[in-house]
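Read the structure below first, then the notes.
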Amino acid sequence: MDTFTRDDVEIIRRETGFNGFYRMDILTLRHRLFRGGWGPELRRELFVRRDAVCVLPYDPWTDSVVLLEQVRVGALDKSERPWLIELVAGLFDAGESPEEVAHREAREEADLTLLKLLPITRYYPSPGGSDERVHLYCALVDSRGIGGIHGLDSEGEDIRVSVWPRTDAIKAMENGQIDNAASIIGLQWLSMHSAHLREEAGAQP
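The sequence shown finishes on residue 226 if you use the working numbering, and the numbering steps up by one all the way, no holes.
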């Protein structure tokens, strides 16, 4: 089986089409073909953005998850209610590790302390047109006293934080109330691992 690498893609030209809060590049490229040789020149727009970290906070002592709700511009044209139910999430700042982003965003978005970070996976949410890569975690938390309205005023954030029984969150995912990729992947992972996490958690701190 042929194993292609980055060397099998030739970027002929790369231009910046837009540069604002996010960036859009216009690439002219060609790549090697499975049947051999090189394909034709292709023109593709690439949505360029910093990588992201998403965290599913899980309280193993109460079998609950902490979820966030905020308006999302990407849902405006396709949802009657563009306030989505999501995980803690944020973009990398320069020099940050994924773990540092996770802890920072948990404090900013939910006033939440992460006790233990558990890597789930890394994935490209839409590689056909975006270079974003998501680092997805589950985090053990103590959810007592968690909730309310949070977020940074300087970033215009208005985030409602609430604690859900895990089984209710799973039902919301199954009926389409929770319909974003990171939350779905995280909750499906938790469905497979929650019993083990509860067994391993020990006494509540």
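Note that beta-carbon positions come from the ideal geometry of N, C-alpha and C, so glycine has one too.
Below 8 Å between beta carbons: does that hold for V92 and P81?
no
Return helix, strand or coil for A224, following the three-state DSSP convention.
coil
Residue closest to R143, alpha-carbon to alpha-carbon, out of R27, D152, E220 and G95:
D152
What are the partner residues of T37, as DSSP defines its beta bridges?
D46
Mind reading off the beta-carbon distance from G38 to I47? Whole number of angstroms is fine, and I expect it under 8 Å.
5 Å
Just checking, does the segment 104-122 make contact with the segment 198-208 on the three C-beta pairs under 8 Å criterion?
yes
Flag this pair as touching only if the segment 188-201 and the segment 157-175 have three or more C-beta atom pairs under 8 Å; answer yes or no.
no
The alpha helix (DSSP H) spanning I191 covers which residue range?
R187 to E195
Buried or exposed: which applies to E126, given that a residue is buried once 16 or more other Cβ atoms fall within 10 Å of its Cβ?
buried
Check whether the Cβ atoms of L77 and L161 lie closer than 8 Å to each other.
no
Quick one: what's got a C-beta closer than 6 Å to D84's C-beta in the same chain, skipping five residues either side?
R187
Residue range of the unbroken alpha helix (DSSP H) whose run includes P119
P119 to A131
Can you give me the C-alpha to C-alpha distance between W185 and L88, rounded to a whole angstrom?
7 Å
Under the DSSP definition of a beta bridge, which residues are partnered with R143?
H156
Is it buried or exposed for Y79, if we count other Cβ within 10 angstroms and need 16 for buried?
buried
Tell me whether L97 sits in a helix, a strand or coil according to DSSP, three-state version.
coil
Tell me Q91's beta-bridge partners as DSSP assigns them.
L105
Beta-ladder partner(s) of L161, from DSSP
Y79 and K137
To the nearest angstrom, how far is the alpha carbon of R35 from that of D189?
47 Å
Identity of the residues DSSP links to R181 by a beta bridge:
E90 and I170
Where does I199 land, buried or exposed, given buried means 16+ other C-beta within 10 angstroms?
buried
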